[in-house]
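**Student:** If you scroll down you'll find the structure; I have some questions about it.
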Amino acid sequence: MRAQSGKMVDLDAEIDGEVLNRYHADGVLVSTPTGSTAYSLSAGGPLVWPMSRVVCVTPICPHSLTNRSVVLPDNMTIRLRPRERRGRFDSMVYSLDGRSAYPIEVGESLVIRKAPETLSLVHLRKQNFGALLRAKLRWQGAEIPSDDE
Numbered sequence: 002m003r004a005q006s007g008k009m010v011d012l013d014a015e016i017d018g019e020v021l022n023r024y025h026a027d028g029v030l031v032s033t034p035t036g037s038t039a040y041s042l043s044a045g046g047p048l049v050w051p052m053s054r055v056v057c058v059t060p061i062c063p064h065s066l067t068n069r070s071v072v073l074p075d076n077m078t079i080r081l082r083p084r085e086r087r088g089r090f091d092s093m094v095y096s097l098d099g100r101s102a103y104p105i106e107v108g109e110s111l112v113i114r115k116a117p118e119t120l121s122l123v124h125l126r127k128q129n130f131g132a133l134l135r136a137k138l139r140w141q142g143a144e145i146p147s148d149d150e
């Protein structure tokens with residue numbers, strides 16, 4: 002994302018060594034199904050079923066209407082590279098899960114890939130994801146489930 006307010010980032014995105022897109026946007030989000038329904042959704046990313054084995058790449062307020070979220074298999078390697086635009090480079094930072102921001106410069110790249118280890122998550126009660134979406138997003142036929150259900 003941009004380091005200065007009012008500036009856009011310019012970066013290239015590669016998937017498994019092949020160019021995906023050249024972004025001019027407020028930033029780019031890379032999210033998992035667990036993280037897809039918050040910031041990525043707000044930026045125009047998709048709703049992703051929790052057990053899906055995918056990663057979403059979503060531009061934040063892109064400068065082009067044709068730049069949209071892309072859903073990729075989670076075994077692909079994503080590389081984001083800052084670049085100069087018209088001979089100018091505006092400082093950029095990256096953040097992991099909303100934590101501290103770290104600077105990234107032209108010539109550096111951020112590589113994102115699935116870890117070999119898995120993380121088990123605890124579910125306190127069994128929930129139907131479709132019913133949860135209908136309730137929280139107030140889709141037709143939705144009833145907000147009570148705590149007793």
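Following our numbering, the numbering of the sequence shown begins with 2 at its first residue and continues without gaps.
From the three backbone atoms N, C-alpha and C, an ideal C-beta is built for every residue, glycine too.
Everything numeric in this text was worked out from a predicted model, so none of it was measured.
Would you kindly work out how many angstroms separate the C-alpha atoms of V112 and L97, rounded to a whole number?
**Tutor:** C-alpha separation (whole angstroms): 12 angstroms.
**Student:** Tell me which residues share the same chain as P34 and place their Cβ nearer than 6 angstroms to its Cβ, disregarding the 5 neighbours each side in the sequence.
**Tutor:** Counting only Cβ-Cβ distances below 6 angstroms, and skipping sequence neighbours, we find V49, P51 and S53.
**Student:** Mind checking G46: buried by the 16 CB within 10 Å criterion, or exposed?
**Tutor:** When all chains shown are included, G46 counts as buried.
**Student:** Name the DSSP beta bridge partners of A44, please?
**Tutor:** For A44, which the question treats as bridged, DSSP gives no partner whatsoever.
**Student:** Given that a residue counts as buried once 16 or more other Cβ atoms are within 10 Å of its Cβ, and exposed if not, what is K103?
**Tutor:** The residue asked about is misnamed: residue 103 is Tyr in this sequence, not Lys. Classification of Y103: exposed, given that the 10 Å Cβ count is below 16.
**Student:** Straight-line CA distance for L122 to P60?
**Tutor:** So the two alpha carbons sit approximately 28 angstroms from each other.
**Student:** Run through the segment 9-75 for me and flag every whole beta strand (DSSP E) of 3 or more residues, listed as ranges in chain order.
**Tutor:** Counting whole runs of 3 or more residues, the segment 9-75 contains the beta strand (DSSP E) stretches 10-16, 19-26, 28-32, 55-61 and 71-74.
**Student:** In chain order, what residues of the same chain have a beta carbon less than 7 angstroms from the beta carbon of M9, not counting five sequence neighbours either side?
**Tutor:** These residues qualify, in order along the chain: R3, H25, A26, D27 and H64.
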